[in-house]
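Novice: Okay, here's the structure, questions in a sec.
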Amino acid sequence: MSAADRDAVPVGGSPVIGRRRFLGLGSAAMTAAIMGVPASAATPSSAQMRATWITSVFNLDWPSAASARIVDPVERIAVQQRELLAIVDQAQALHLNTLVFQVKPCADALYRSRILPWSPVMTGVLGKDPGFDPLAFLLRHAHARGIQVHAWLNPYRVSTGLDQATLDAFATASTDSPQSVYLRHPDWVGVAANRLVLDPGIPAVRRWICGVVAELVAFYHVDGVQFDDYFYTESAQSPLDDAQTYAAHGAGFADKGYWRRDNTYRLMRAVARTIRAIRPGVAFGVSPAGVWRNRQDDPLGSDTQAGAPAFDTSYADTRRWVREELVDYIVPQIYWPLARQAVRYDTIARWWADTVRGRRVQLYIGMALYKVGTANALEPDWTVDGGVPEIARQLDVNASLPEVGGCMLFRHGFLAAAQTQQVVDYLRLRWQSP
Numbered sequence: 000m001s002a003a004d005r006d007a008v009p010v011g012g013s014p015v016i017g018r019r020r021f022l023g024l025g026s027a028a029m030t031a032a033i034m035g036v037p038a039s040a041a042t043p044s045s046a047q048m049r050a051t052w053i054t055s056v057f058n059l060d061w062p063s064a065a066s067a068r069i070v071d072p073v074e075r076i077a078v079q080q081r082e083l084l085a086i087v088d089q090a091q092a093l094h095l096n097t098l099v100f101q102v103k104p105c106a107d108a109l110y111r112s113r114i115l116p117w118s119p120v121m122t123g124v125l126g127k128d129p130g131f132d133p134l135a136f137l138l139r140h141a142h143a144r145g146i147q148v149h150a151w152l153n154p155y156r157v158s159t160g161l162d163q164a165t166l167d168a169f170a171t172a173s174t175d176s177p178q179s180v181y182l183r184h185p186d187w188v189g190v191a192a193n194r195l196v197l198d199p200g201i202p203a204v205r206r207w208i209c210g211v212v213a214e215l216v217a218f219y220h221v222d223g224v225q226f227d228d229y230f231y232t233e234s235a236q237s238p239l240d241d242a243q244t245y246a247a248h249g250a251g252f253a254d255k256g257y258w259r260r261d262n263t264y265r266l267m268r269a270v271a272r273t274i275r276a277i278r279p280g281v282a283f284g285v286s287p288a289g290v291w292r293n294r295q296d297d298p299l300g301s302d303t304q305a306g307a308p309a310f311d312t313s314y315a316d317t318r319r320w321v322r323e324e325l326v327d328y329i330v331p332q333i334y335w336p337l338a339r340q341a342v343r344y345d346t347i348a349r350w351w352a353d354t355v356r357g358r359r360v361q362l363y364i365g366m367a368l369y370k371v372g373t374a375n376a377l378e379p380d381w382t383v384d385g386g387v388p389e390i391a392r393q394l395d396v397n398a399s400l401p402e403v404g405g406c407m408l409f410r411h412g413f414l415a416a417a418q419t420q421q422v423v424d425y426l427r428l429r430w431q432s433p
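Quick note on numbering: the sequence shown equals residues 0 to 433 in numbering that gives the first Met the number 0.
What follows is the structure in structure tokens.
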């Protein structure tokens, strides 16, 4: 068995498989399932992608923090379900066709899992059964209105902090669902950017993540699976100490950076093969930082001066992933206006259009709804006429590039923000037709 196959999870070939069968499949079945999988499973759609990200971490978009504090479980469930239905209502009113729902914010789940504990965002307690399955609920109601649902996972993050309350949450977690990976496999967990994270260089971590994805795809009829931009996420003050991992697994790599990029590449390849072996119709996507590399550092890069290119800071060789068609779609986060000379929206969008051309990879653009209407000395255009001219120009750039298949707005909660209403009204009119 190749190294790539060892990274992939044991899976069966049927669209939805029984839990016993899923848990019982061995490496032979896994190899049979993985070999011969087509390079790309997504079928391009003639409709433009119109999506929002629904962020659950920190209770940003769903559920509301207030709902998680409701003591009566019947009342809490009713409130949280109404909030999800309101999101579907908003999507339909704005003529969106896809919702990207964050179902794995911190090595926990907003769906019923035999691997992950329930996320505390619903009840305030890690592992506590919320009394309903949010992903299943959203799938049922969104699909009934012709809206697709993509499951958004943060692959490596275990926590959003390091304070005592964070550590206590693991110790006092409910037994309603599985223990956190932090307790089950403490040797996999490190610290980076003042968060607990899984070490991407450990092969068992890749297999575990593939298992999480396999379970999700096997038991839920999601239309897509999406990873965000959190791969190697460090800060100068809090880098990941993976020296021992590099010593154990970095043979053949004289440069640690290239070893790290190989780790993220192996993860993406294994996850792609896992999904395509279980349900080939499920699209696998990634939403990385907008800039792959700056041209001053690489002649293949974009004519930009970005401070955190994906290749150099998160060790994600997103261009390679596209060139080798590891993903079915990519959503670069181009969160800058056209007038920001160092990182112009149109410059980056055109670079990505050139990159996907001739590849079986759909290109959607991640757009910064969250910046609309907010004063910014470096980016004043977000506030001119409510931000409508800037968003209109960005959408016009998208429309001028045949390779761009639509956009995703970050994030859903800002559809209801006072400062974005002129843009929301504009989008509703612009998107009246498919």
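Note that CB positions come from ideal geometry on N, CA and C, so glycine has one too.
With 8 angstroms set as the bound, which would you pick, yes or no: does the beta-carbon of threonine 51 sit closer than that to a beta-carbon of chain D?
Specialist: Here chain D cannot be found, since the structure has a single protein chain.
Novice: For glycine 284, list the residues DSSP reports as bridge partners.
Specialist: Per DSSP, Gln225, Tyr328.
Novice: Alpha carbon to alpha carbon, what distance is there between alanine 150 and glutamate 82?
Specialist: Near 18 angstroms, if we compare the C-alpha coordinates of alanine 150 and glutamate 82.
Novice: Is it the case that the Cβ atoms of asparagine 153 and tyrosine 264 are separated by a distance below 8 angstroms?
Specialist: No, these two residues do not count as a Cβ contact at 8 angstroms.
Novice: By DSSP, does arginine 343 sit in helix, in strand, or in coil?
Specialist: It is coil, neither helix nor strand.
Novice: Between which two residues does the beta strand (DSSP E) holding tryptophan 52 run?
Specialist: Element bounds for tryptophan 52: 48-53.
Novice: Out of curiosity, what's the CA-to-CA distance linking threonine 54 and glycine 365?
Specialist: For threonine 54 and glycine 365, the distance between alpha carbons rounds to 14 angstroms.
Novice: Tell me whether threonine 444 sits in a helix, a strand or coil according to DSSP, three-state version.
Specialist: What the structure shows of the chain is the stretch from 0 to 433, and residue 444 is not part of that stretch, so it cannot be assessed.
Novice: Give me the Cα-Cα distance between glycine 130 and leucine 109, rounded to the nearest whole angstrom.
Specialist: Distance between the alpha carbons of glycine 130 and leucine 109 is about 11 angstroms.
Novice: Tell me, which residues are paired with alanine 191 by DSSP?
Specialist: Alanine 191 pairs with Arg194.
Novice: With H, G and I counted as helix, E and B as strand and the rest as coil, what does DSSP make of alanine 416?
Specialist: Residue state, collapsed to three classes: coil.
Novice: Take methionine 407 as the anchor and find which of Ala416, Ala415, Leu394, Gln418 has the nearest alpha-carbon.
Specialist: Nearest option by C-alpha distance: Leu394.
Novice: Applying the criterion that 16 or more other CB atoms from any shown protein chain within 10 Å of the CB defines a buried residue, is leucine 115 buried or exposed?
Specialist: Result: buried.
Novice: Grab the span of the beta strand (DSSP E) containing cysteine 406 for me, first residue to last.
Specialist: Cysteine 406 -> beta strand (DSSP E) spans 403-408.
Novice: For glutamine 361, report the span of its beta strand (DSSP E) as first-last.
Specialist: First-last of the beta strand (DSSP E) with glutamine 361: 361-366.
Novice: Return the CA-CA distance between valine 70 and tyrosine 328, expressed in angstroms with no decimal places.
Specialist: Answer to the nearest angstrom: the Cα atoms are 41 angstroms apart.
Novice: When you compare only the Cα positions, how much space is there between threonine 382 and valine 396?
Specialist: Rounded to the nearest angstrom, the two C-alpha atoms are 19 angstroms apart.
Novice: Less than 8 angstroms between the beta carbons of aspartate 175 and lysine 127, yes or no?
Specialist: Their beta carbons are under 8 angstroms apart, which means aspartate 175 touches lysine 127 by this criterion.
Novice: Can you tell me whether leucine 115 is helix, strand or coil according to DSSP?
Specialist: Leucine 115: coil per DSSP, three-state reduction.
Novice: Taking buried to mean at least 16 other C-beta atoms within 10 Å of its own C-beta, is proline 384 buried or exposed?
Specialist: Here residue 384 is aspartate; the residue named in the question, proline, does not match the sequence. So aspartate 384 ends up on the exposed side.
Novice: So is glycine 306 buried or exposed if we call it buried at 16+ other beta carbons inside 10 Å?
Specialist: Result: exposed.
Novice: I need the straight-line Cα distance from alanine 32 to threonine 273, nearest angstrom please.
Specialist: Note that alanine 32 scores 35 on pLDDT, short of 50, meaning its location in the model is unreliable; the coordinates nonetheless yield the value given after this. Approximately 8 angstroms between the Cα atoms of the pair.
Novice: Does the Cβ-Cβ distance between valine 457 and phenylalanine 218 come in under 8 angstroms?
Specialist: For the chain, the structure presents residues 0 to 433; residue 457 sits outside this window and is missing.
Novice: Below 8 angstroms CB to CB, which residues in the same chain sit around alanine 141 once its five sequence neighbours on both sides are set aside?
Specialist: Hits under 8 angstroms: Val87, Ala90, Leu98, Gln147, Val148.
Novice: Output needed for alanine 40: all residues of its chain with C-beta closer than 6 angstroms, excluding positions within five of it in sequence on either side, in chain order.
Specialist: The pLDDT assigned to alanine 40 is 27, lower than 50, so where the model puts this residue is not dependable, and the model offers no usable value.
Novice: With 16 as the cutoff for other CB atoms within 10 Å, does arginine 205 come out buried or exposed?
Specialist: By the 10 Å Cβ count, arginine 205 comes out buried.
Novice: If you follow the alpha helix (DSSP H) that leucine 95 is part of, which residue opens it and which one closes it?
Specialist: Element bounds for leucine 95: n/a, residue is neither H nor E.
Novice: Taking its Cβ as the centre, do 16 or more other Cβ atoms sit within 10 Å of threonine 171, making it buried, or is it exposed?
Specialist: By the 10 Å Cβ count, threonine 171 comes out exposed.
Novice: Please name the residue or residues paired with valine 148 in a DSSP beta bridge.
Specialist: According to DSSP, valine 148 bridges with Leu98.
Novice: Applying the 10 Å Cβ sphere with the 16-neighbour rule, what's the burial state of valine 422?
Specialist: By the neighbour-count rule (16 or more Cβ atoms within 10 Å), valine 422 is buried.
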